[in-house]
Amino acid sequence: MAASPHMQIQAKLDAMAAAANAHNTDEFLKPFTHGPRLVFVINGQVIRGWNALHAAQLRWWRNGASDARYTQISPTSFMDLAPGVVVTTQEMKSQRSGPDGKTQKNTFAVSTVWRRQHNEWRIAYASESWAR
Numbered sequence: 130m131a132a133s134p135h136m137q138i139q140a141k142l143d144a145m146a147a148a149a150n151a152h153n154t155d156e157f158l159k160p161f162t163h164g165p166r167l168v169f170v171i172n173g174q175v176i177r178g179w180n181a182l183h184a185a186q187l188r189w190w191r192n193g194a195s196d197a198r199y200t201q202i203s204p205t206s207f208m209d210l211a212p213g214v215v216v217t218t219q220e221m222k223s224q225r226s227g228p229d230g231k232t233q234k235n236t237f238a239v240s241t242v243w244r245r246q247h248n249e250w251r252i253a254y255a256s257e258s259w260a261r
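Using this note's numbering, the first residue of the sequence shown is number 130, and each one after it goes up by one.
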């Protein structure tokens, strides 16, 4: 029996979480749509295209040298919008060393729009907002 769309997407989210904690940008961004139509919004900043998001993620994780650790707070929320289109929302927390060496803790939420493309689930749009 084939895994449900939610199970397929959750497996990708789990792989993304492992890649995030390893600060592996290429693995983390694998499920994103590769091309100029990808949109990623973070705290009011709009990043357009996979190449721009890849460059930003490398900066955020200091080319893999970041010490950030991510943990999901609650189970993933799934919303089916149409055949082949699913929205997920995750509540997350992070911990990392700040510029002063002190530990910084944050909470944030990530919503992603997944589209079934060429028999594979891909992120077409994502929004991340951090609590201040």
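Backbone N, C-alpha and C define an ideal beta-carbon position, used for all residues, glycine too.
Opening and closing residue of the alpha helix (DSSP H) in which residue i lies
{"i": "I138", "result": "134–151"}
{"i": "F157", "result": "154–157"}
{"i": "N180", "result": "179–189"}
Short Cβ contact (8 Å threshold) for residue i with residue j
{"i": "Y199", "j": "S223", "result": "yes"}
{"i": "W243", "j": "T217", "result": "yes"}
{"i": "F169", "j": "L187", "result": "no"}
{"i": "H152", "j": "S195", "result": "yes"}
Burial state of residue i, where buried means 16 or more other Cβ atoms lie within 10 Å
{"i": "M145", "result": "buried"}
{"i": "A140", "result": "exposed"}
{"i": "L210", "result": "exposed"}
{"i": "W189", "result": "exposed"}
{"i": "P160", "result": "buried"}
Cutoff 8 Å: residue i Cβ touching any chain B Cβ
{"i": "L142", "result": "You won't find chain B in this structure, because it holds only one protein chain."}
Where residue i sits in the DSSP three-state scheme
{"i": "N192", "result": "helix"}
{"i": "K231", "result": "coil"}
Where the beta strand (DSSP E) containing residue i begins and where it ends
{"i": "N248", "result": "No beta strand (DSSP E) contains N248, which DSSP labels as neither H nor E."}
{"i": "L210", "result": "206–211"}
Q | Inter-stretch contact at 8 Å, needing at least 3 Cβ pairs: the region 166–179 / the region 198–216 | A | no
Q. Is it a yes or a no for the region 229–236 touching the region 245–256, going by three-plus beta-carbon pairs under 8 Å?
A. no
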